[in-house]
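Below you'll find the structure, written out as structure tokens, and then a few comments.
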Amino acid sequence: MKKTILFMLGLSMTVASCSGRKEKEETKENGFEYAVDRFADLQILRYQVPGFNALTLKQKQLLYHLSEAALMGRDILFDQNCRYNLAIRRTMEAIYTHYKGDRSAAEFKALETYLKRVWFSNGIHHHYAEDKFKPEFTPAFFVACVKALPSEAVSFLAEQTVDDFLKEITPVIFDPEVLPKRTVQSGDEDLIRASANHYYAGDLTQKEVEDFYTGMKDPNDSTPISYGLNSRLVKEDGVIKEKVWKVGGLYTEAIERIVAELEKAVPFVENDKQKAVIESLIDYYRTGDLRTFDTYAVLWVEDTNSDVDFVNGFTETYGDPLGMKASWESTVNFINKEATKRTKIISDNAQWFEDHSPIDNRFRKKEVKGVSAKVITVTMLGGDCYPSTPIGINLPNADWIRKDHGSKSVTIENITEAYDKASQGNGFSEEFVWSDAERELLKTYGFTTDNLHTDLHECLGHGSGITLPGVEPDALKAYASTLEEARADLFGLYYIADTKLVELGLLPDAEAYKAEYYKFMMNGLQTQLVRIELGKNIEEAHMRNRQLIARWVFEKGKAEKIVELKQHDGKTYVVINDYEKLRRLFGELLKEVQRIKSEGDLDAGKKLVETYAVKVDQVLHREVLERYAKLDLAPYKGFVNPVMREVKNEKGEVVDITLDYSEGYANQMLRYSKTYSFLPTYNN
Ligand code: ZN
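Take 1144 as the starting number for the sequence shown in the working numbering and just add one per residue.
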């Protein structure tokens, strides 16, 4: 639950458009083209990997094999997101590749856009909004396209006939009532049955799932495993059981490939600790044993001296309504030593921050352990980090490991930089920011305060505080992710205004924090709504968290007019009248959210989320959408990876690893589907 996805940056500074020549020129710097593609509500960018050429050959080879491993698990995520995703992706790709008709005709274009969205979301549901895409082509067109495919193009159907396949799959694509939402995480429905994802199968009820895992847990275990993390729970012939994702288990075809690449990486490790990390991960993939996963996680968090690092596995649980089952993801990276000086200052002072945070003493960490933070440069994104990628990560997620061994936080600066570069001059702040004073703040400090807020969120926020003994790790149920993100954001917001940061040299002066405050409030109250369709609620945890915070402080400060929504020329703007009092409100809310987490107060947590985070002000929403539409920008971004290649001499020895930045979005996706696709179409 510890991932930061780019947010207000995505709006005020870093939303860019590449539709048209003008914007293209603006996104180009030193000949590097950041903008790659644009469709639906998405823009595809490219990131650079500065510093790669200065690495040793051995380090590059290590990165190469870890990067290959990062791509091997792509199909797993598709299947996790919905049981029909691989079938639909493969069908659409077959049509896209073999279509003989007019490729510029509207229906084919609509199918192309649909496929591009499926690639982007790793499935048929929106990666943020969670609802199923509505195709802009007709069922008749789809059926005709499939029937026109040569038989070898539909070999992935295995024993199914094309007619049976069409009968099954057409409603999945076209009927809005069938599998409407990937994950449902609020409301009074049965969350398991209402969710389309494939973490559960066999018509289980939420109660059956909850009972199954409650029965497994030992309340006196102080080092509990992450129950349910790496398996699908199924009911077959009335028996409820876990199908574990491991070599020899579910998804073995992909996991074996991941393991093989990890094995190839071992000879190139930088040190013994790193070797132990990779070997324990291999061991875990082989056994599926969650105790081994914890061993791996501890080794990983304690490996702080290697330059090269990675995440590879079943990691984040945002997609499971009950917050147990993890999606597969990978990032591969190396340290940015210069920028890490900044995060080192933060982690060196972690105890000071913990001691001074505005929370109840009972929930404070007496001794902050093993907080490590660094700024990294990614070389490959995979699974749930691709193409939509976090800008910061803090792991591991198990609370007891964080308490006893600490956590590792990263800020991914080659990603934030690409966002920033791609957004310059897009007209966004002219439209939504109240006045030149705020615009000047954002321009002067925005990039610095954004990165710093991410550092604070990841490195300190998620790691701070304790859960009282006896409180279940999943006590906050479907509200846990939102509240956890709120806690981390509030920690960052509270401290970014502290004079300590200026003293530590992290901010240039005592004005800088105002840039972050303005951006956060504008985004949380208003501009993040550009990502939501009119009439819909907010679903995604980070977005819920931001509105929760912004709405809560807005309401609490209403009498004193600390923050206002002001009208000017028929448009609504966020105006902050008192930054110091706003900071105090952030502190108050942090105190309450920490209490909720520490005590596992589900009722209070539920009330906070349902009151402030989910529902959208319809009038304001309509206005924001209209204003945003005029800017012609894409509210969501993602990235293509560079192409990494081994260069061999005539003896077949690897003499270098190169990066190529020329691959387009569709080409990359098609190549991945060809080269890195190992799972059967249906994985039962
Ligand atoms: Zn987070």
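Cβ atoms here follow ideal geometry from the backbone N, Cα and C, with glycine treated the same way.
A quick note: this is a predicted structure, and the numbers were derived from the prediction, not measured.
Have a look at Met1235, Ile1705, Lys1714 and flag the residue whose alpha-carbon is nearest the alpha-carbon of Tyr1722.
It is Ile1705 whose Cα lies nearest to the Cα of Tyr1722.
Which full runs of the beta strand (DSSP E) of 3+ residues lie inside the region 1648-1716, going along the chain?
As far as the region 1648-1716 is concerned, its whole beta strand (DSSP E) runs of at least 3 residues are 1706-1711.
Go ahead and label Glu1169 buried or exposed: buried means 16 or more other beta carbons lie within 10 angstroms of its beta carbon, across all protein chains shown.
Caution applies to Glu1169, whose pLDDT of 38 falls short of 50 and renders its modelled position unreliable; the value that the coordinates give is listed next. Counting Cβ neighbours within 10 Å, Glu1169 comes out buried, since at least 16 surround it.
For the beta strand (DSSP E) containing Met1523, name the first residue and the last one.
Segment 1514-1526, the beta strand (DSSP E) holding Met1523.
Using 8 Å as the threshold, is the region 1538-1558 in touch with the region 1428-1441, meaning 3 or more CB pairs across them?
At 8 Å Cβ cutoff, the stretches touch.
Mind pulling the beta strand (DSSP E) runs of 3 or more residues that sit fully within the region 1398-1427?
The qualifying runs do not exist here; there are none.
Look up Ile1544 in the DSSP assignment and say whether it is helix, strand or coil.
Helix at Ile1544.
Can Leu1633 and Phe1729 be called in contact, C-beta distance under 8 Å?
It is a contact, given that the beta carbons lie within the stated cut-off.
Short Cβ contact (8 Å threshold) for Thr1597 with Asn1688
Note that the C-beta distance between Thr1597 and Asn1688 is not below 8 Å.
Counterpart residues of Thr1554 in DSSP-defined beta bridges:
Paired residue(s): Val1518, Gly1535.
State the DSSP-derived secondary structure class of Ile1800, mapped to helix, strand or coil.
When secondary structure is reduced to three states using DSSP, Ile1800 falls in the strand class.
Return the CA-CA distance between Val1327 and Arg1429, expressed in angstroms with no decimal places.
Roughly 32 Å separates the two Cα atoms.
Would you report the Cα separation of Leu1347 and Phe1195, rounded to the nearest angstrom?
Cα to Cα, the separation comes out at about 48 Å.
DSSP three-state label for Phe1308, please.
In this structure, DSSP gives Phe1308 a helical state, which the three-state scheme calls helix.
Beta-carbon proximity check, Ala1631 vs His1605, cutoff 8 Å:
Yes. Within cutoff.
Three-state secondary structure (DSSP) of Asp1721:
In the displayed model, Asp1721 falls within coil according to three-state DSSP, outside both helix and strand.
Give me the DSSP bridge partner(s) of Ser1374.
Its beta-bridge partners are Val1387.
In terms of DSSP beta bridges, what is Gly1781 paired with?
DSSP output for Gly1781 lists Ile1187 as bridge partner(s).
Would you report the Cα separation of Tyr1177 and Tyr1190, rounded to the nearest angstrom?
Cα to Cα, Tyr1177 sits roughly 7 Å from Tyr1190.
May I ask which residues mark the beginning and end of the alpha helix (DSSP H) holding Glu1445?
Element bounds for Glu1445: 1433-1445.
Any idea what DSSP makes of Ile1478, helix, strand or coil?
Three-state DSSP puts Ile1478 in a strand.
Nearest candidate by alpha-carbon position, reference Leu1668, set Val1717, Leu1677, Arg1674:
Looking from the CA of Leu1668, the closest CA among Val1717, Leu1677, Arg1674 belongs to Val1717.
Those residues which DSSP pairs with His1268 across a bridge
Note: His1268 sits in a beta bridge opposite Lys1275.
For Arg1164, does the count of other Cβ atoms within 10 angstroms reach 16, so buried, or fall short, so exposed?
Because the pLDDT at Arg1164 is just 28, under 50, the model does not fix this residue reliably, and the point stays unresolved.
Cβ neighbours of Ala1629 in the same chain (closer than 7 Å, five flanking residues each side left out)
Excluding its 5 nearest sequence neighbours in each direction, Ala1629 has C-beta neighbours in its own chain below 7 Å: Asn1688, Leu1691, Ile1692, Val1736, listed in chain order.
With three or more C-beta pairs closer than 8 Å as the rule, is the region 1407-1423 touching the region 1364-1383?
They do not touch, by the three-pair rule.
Can you name the residues that DSSP bridges to Lys1324?
BP columns for Lys1324 point to Asp1274.
Give the DSSP bridge partners of Asp1180, in chain order.
Answer is Ile1187.
From Trp1829 to Gln1223, what does the alpha carbon distance come to, in whole angstroms?
Beyond the ends of the chain as shown, which are 1144 and 1827, falls residue 1829; an answer cannot be given.
Strictly by DSSP, which residues pair up with Trp1471?
Trp1471 is bridged to Phe1457.
Taking the CB atoms as reference points, tell me whether Asp1527 and Ser1470 lie closer together than 8 Å.
Their beta carbons are under 8 Å apart, which means Asp1527 touches Ser1470 by this criterion.
Tell me the rounded alpha-carbon separation between Asp1712 and Arg1770.
Between the C-alpha atoms of Asp1712 and Arg1770 there is a straight-line separation of about 12 Å.
Applying the criterion that 16 or more other CB atoms from any shown protein chain within 10 Å of the CB defines a buried residue, is Ser1264 buried or exposed?
With 16 or more Cβ atoms within 10 Å of its Cβ, Ser1264 is classed as buried.
Using 7 Å as the cut-off, classify the Cβ of Glu1628 as near or not near the heavy atoms of the ligand ZN, replying yes or no.
At a cut-off of 7 Å, the beta-carbon of Glu1628 counts as near the ligand ZN: some heavy atom of the ligand is closer than that.
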